[in-house]
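Novice: To start, I am sharing the structure in question, which I have written as C-alpha cells.
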Amino acid sequence: MKLVWSTRAVAELHDIRRYSVKRWGGSVAISYMRDLRDAAKAAARNPETARPLRGPWKRVRARSHVLVCYLDEPDDRFVIARVLHGAMDIERHLPPDPRS
Numbered sequence: 000m001k002l003v004w005s006t007r008a009v010a011e012l013h014d015i016r017r018y019s020v021k022r023w024g025g026s027v028a029i030s031y032m033r034d035l036r037d038a039a040k041a042a043a044r045n046p047e048t049a050r051p052l053r054g055p056w057k058r059v060r061a062r063s064h065v066l067v068c069y070l071d072e073p074d075d076r077f078v079i080a081r082v083l084h085g086a087m088d089i090e091r092h093l094p095p096d097p098r099s
C-alpha cells in the first residue's frame, strides 16, 4: 500500500520540525521526525494496526503525536490527513469524510 501525506499533514510536519528545532535542537528534531515517518510507514505496511476513529478515519500513535489517516482502497493508498498533538481533541479536528 502506498503511503501518501496530505498537503495539510506536510505543513503540520514542518511546524512540528520548526518547533522541535527551537525547543530541543536539531538532532532531537531529526530523530523525532524520523519516528513520525517510521510510524507512518509501518502503518501503511500493516493498516490493521491503525486504531478506528469516526467514519473512515483511523489513528496511529507516534510519540506525542497522532497521525490521522484513512485507507483509500480503490487506489491502494494509506493517506495521512493530519498530524495532531496527542493532547488535542482528535475527534474535533477530523477533516471532512474523504469519501464524500
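Start counting the sequence shown at 0; every next residue gets the next number (numbering that gives the first Met the number 0). Yeah, the Cβ is synthetic: ideal placement off N, Cα and C, and Gly gets one too.
According to DSSP, Ala61 sits in a beta bridge with which residue or residues?
Specialist: Answer by DSSP bridge pairing, in chain order: His64.
Novice: Taking C-beta to C-beta, are Val59 and Glu11 nearer than 8 Å?
Specialist: Their beta carbons are not under 8 Å apart, which means Val59 does not touch Glu11 by this criterion.
Novice: Would you please state the rounded distance, in angstroms, between the beta carbons of Gly54 and Asp96? I believe it to be under 8 Å.
Specialist: That pair is a contact at about 5 Å.
Novice: For Ile29, count neighbouring C-beta atoms within 10 Å of its own C-beta (all shown protein chains included) and say buried if the count is 16 or more, exposed if not.
Specialist: The residue is exposed, with fewer than 16 neighbouring Cβ atoms inside 10 Å.
Novice: Just the C-alpha distance for Arg98 and Ala8, rounded to the nearest angstrom, thanks.
Specialist: Whole-angstrom Cα-Cα distance: 18 Å.
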